[in-house]
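> In this note's numbering, the protein residues as written are 626 to 1272. Cβ coordinates follow ideal geometry from the N, Cα and C atoms, glycine included. Have a look at this one.
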């Protein structure tokens, strides 16, 4: 479909690529890999024909349609969400006009044997085929499917795009591309502004997409679930792997080991040859032999070992300060913005060392809850930190709140106290700020550098509650893995908001889902939660499916709803298994809570123990909170049992 032929790209005399060639085939699912600055985004611009190579060429068939989603783009205003998304059908409207013109021509012409008449028939066939590919007959259904999949509610379809954030407007641009159904889809970090559910929907959409897909992403699980081919850009050349990202990492390690072994063996031959040259060069009878060895060395093509960027942030959170058993109590908490209800009646308790995740679609209140815990916004109900709790808060836009005029060193040095002041340079070095980097002003740093600097600030205090709102924004895959390892080893309590499933996997003890104005506890990890949400979406599709009368045709293409129904019936046992697992976890939680309450009851029944316990700060608060948590858990168990019964 697209042929890249010996291209070279140079900027200011420095080559980014040299003599690169590869082919993008129909239905390819390709990920571009390489360190920052290797040229991944430039490659997408070249494939989109928005930039020309210095040498070589990129060719494609005339009928091949290319769709390109850059990281940053200008957005149009003055339209509603629906009006803007419908601009995706400009091609369909033009084809329909052409179709009308051809049909009128065919009605009046009688030169059936002419080349012109044959050309009209060919054009007619091609247009019908293209209209079938882009789904011209089901536009309304497709528009709603894409908008809902990307996270828009129906009541937002008539909202002005100028009222939306840049992230939501980027979703509209992605939706327009998907509806246009180009033959080659080029996506630069498409998951940056998507929540977990929208990412999962996009993965499912990509699975049945008719064309080729080439993408760049720092979301490891998204790459693994979508791609089947990886092109690595390194040292101005490429390596083509028929594998997804995780498999590519293993194959790359094998390639590097092979290169190193080949280079060592070649160096042995070179050393031995040079010894022979030195030995025979001075002897007249062997001079010709020595010269032949010299020419042999000159002709030898040296094995190059690809340089890899092994720099990665290195850090460990300091041991947390001592705190009470109850770290956070949230009771009947809620929030409204300008009369719009975000959520209400949130109830949960976080105990010492517990790690929880807040999940749900964008705009449902996850970041708002973090701000409520940090007391940065007003709220309803109770949100109370426990005894001696020291929260460290990383906001979603934390890097933007850094003082732009201060240097990297000043940003950390002004907050460092005690022994940490003598370790500021080493601390910054572990976050890849070395040599002259520490004297750069914040305003000249990249998004990734600012994110690392904001994370570095969290190490300056022994916080016993970390609150992290999208901490992986702007971090590459290796840096995410280092951060995840540090958080897994962290001994304090943690609340985290993230749309990166691979990052969340194995991290949290439980999840709190923000959905449709309510907060629901899930005693499972992110993988099980996403599987449950997928099955719930299928159930919603089935309940919304209209009754379709049987059509007496030999072959009828199944509708989306019919496919959903079949998928649902096949997934029934899976859903039952998931809910039974959640019931089992809920029962264990109830058993543990009942045990803790029984222990306290035993203390209260002993006068000596009662007198001692009553003097402990927060003793009765803890007792009451445990009882409330038990009530909440019992209600959750009853809901799960009812769900299982309904299936």
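Relative to the C-alpha of residue 1078, which residue among 739, 677, 793, 1019 is closest?
If we check each option's Cα against that of residue 1078, 1019 comes out closest.
> Residues bridged to residue 1121 by DSSP?
Answer is 982, 1093, bridged to residue 1121.
> Could you check which residue in 629, 896, 973, 1202 has the C-alpha nearest to that of residue 684?
Among 629, 896, 973, 1202, the Cα nearest to that of residue 684 is on 629.
> Count Cβ pairs between the segment 916–931 and the segment 943–952 that sit closer than 8 Å; are there 3 or more?
Short answer: they don't touch.
> If I'm right that residue 1219 touches residue 1228 with Cβ under 8 Å, what's the distance once you round it to whole angstroms?
In fact, because the Cβ distance is near 15 Å, the residues do not count as touching under 8 Å.
> Decide if the segment 1057–1077 is in contact with the segment 1088–1095; the criterion is three or more beta carbon pairs, one per stretch, under 8 Å apart.
Counting Cβ pairs under 8 Å, fewer than three are found: no touch.
> Starting from residue 887 and walking both ways along the alpha helix (DSSP H), at which residues does that stretch end?
From DSSP, the alpha helix (DSSP H) with residue 887 extends over 870–905.
> Who are the Cβ neighbours of residue 894 in its own chain at under 6 Å, not counting the five residues just before and after it?
Around residue 894: no qualifying Cβ.
> Ends of the alpha helix (DSSP H) at residue 633?
Segment 627–636 is the beta strand (DSSP E) holding residue 633; no alpha helix (DSSP H) there.
> Excluding five sequence neighbours on each side, which residues of the same chain lie with their C-beta closer than 7 Å to the C-beta of residue 704?
Closer than 7 Å at Cβ, skipping near neighbours: 786.
> Which value, in whole angstroms, describes the spacing of the CA atoms of residue 1086 and residue 821?
Between residue 1086 and residue 821, the C-alpha separation is close to 31 Å.
> Could you work out which residue in 1208, 692, 1205, 1001 is closest to residue 837 when comparing CA atoms only?
Among 1208, 692, 1205, 1001, the Cα nearest to that of residue 837 is on 692.
> Give the single residue among 1118, 1109, 850 whose Cα lies nearest to the Cα of residue 1130.
Checked all of 1118, 1109, 850; the closest Cα to residue 1130 is 1109.
> Can you find the residues in the same chain that come closer than 8 Å, C-beta to C-beta, to residue 1177, ignoring five residues on each side of it along the sequence?
Its pLDDT being 44, under 50, residue 1177 is placed unreliably in this model, and the coordinates cannot settle the point.
> In terms of residues, what are the limits of the alpha helix (DSSP H) holding residue 641?
No alpha helix (DSSP H) holds residue 641; the beta strand (DSSP E) holding it covers 639–649.
> Hey, how far is the Cα of residue 1016 from the Cα of residue 647?
Going by the C-alpha atoms only, they are around 51 Å apart.
> Is it a yes or a no for the segment 869–882 touching the segment 896–910, going by three-plus beta-carbon pairs under 8 Å?
No, the segment 869–882 does not touch the segment 896–910.
> Apart from the five residues just before and just after residue 1265, which ones in its own chain have a Cβ nearer than 8 Å to its Cβ?
Contacts found: 1204, 1207, 1208, 1211.
> Please list, in chain order, all residues of the same chain as residue 752 whose beta carbon is under 8 Å from its beta carbon, the five residues on each side excluded.
If we look at residue 752 and ignore the five residues flanking it on each side, its Cβ neighbours are 720, 723, 724, 727.
> Identify the continuous alpha helix (DSSP H) that holds residue 726 and give its terminal residues.
Here the alpha helix (DSSP H) through residue 726 covers 715–733.
> Using the Cα positions of residue 799 and residue 813, report the straight-line distance between them to the nearest angstrom.
So the two alpha carbons sit approximately 11 Å from each other.
> How far does the beta strand (DSSP E) with residue 813 in it extend, from its first residue to its last?
That run of the beta strand (DSSP E) goes 809–813.
> Determine the burial state of residue 1245: buried for a count of at least 16 other Cβ atoms within 10 Å of its Cβ, exposed for fewer.
When all chains shown are included, residue 1245 counts as exposed.
> If you draw a straight line from the alpha carbon of residue 713 to that of residue 805, how long is it in whole angstroms?
The alpha-carbon atoms of residue 713 and residue 805 are separated by roughly 6 Å.
> Strictly by DSSP, which residues pair up with residue 682?
Residue 682 pairs with 630.
> Return the first residue and the last residue of the alpha helix (DSSP H) that residue 795 is part of.
Here the alpha helix (DSSP H) through residue 795 covers 791–805.
> Measuring only the C-alpha atoms, how far is residue 677 from residue 633?
Spanning the two alpha carbons is a distance of roughly 10 Å.
> Bridge partners for residue 1068 per DSSP, in chain order?
In DSSP, residue 1068 forms no bridge with anything.
> Assign residue 956 to one of three DSSP states: helix, strand, or coil.
In this structure, residue 956 counts as strand in the three-state DSSP scheme.
> Does the segment 842–849 come close enough to the segment 1093–1105 that 3 or more CB-CB pairs lie under 8 Å?
Cβ pair count under 8 Å is three or more, so yes.
> What separation, rounded to the nearest whole angstrom, lies between the Cα atoms of residue 885 and residue 631?
The alpha-carbon atoms of residue 885 and residue 631 are separated by roughly 27 Å.
> Could you tell me which uninterrupted alpha helix (DSSP H) segments, each at least 4 residues in length, are contained entirely in the segment 1213–1257, listed from first to last along the chain?
You should have 1232–1239.
> What does the alpha-carbon distance come out to for the pair residue 969 and residue 1161?
Residue 969 and residue 1161: Cα-Cα distance of roughly 22 Å.
> Can you give me the Cβ contacts of residue 1049 inside the same chain, cut-off strictly under 6 Å, excluding the 5 residues immediately before and after it?
Within the same chain, residue 1049 has close Cβ partners 1037, 1038, 1041.
> Between which two residues does the alpha helix (DSSP H) containing residue 665 stretch?
Note, residue 665: alpha helix (DSSP H), 665–672.
> Let me confirm a value: residue 809 is counted as buried when at least 16 other C-beta atoms fall within 10 Å, else exposed. Which label applies?
Flag for residue 809 reads buried.
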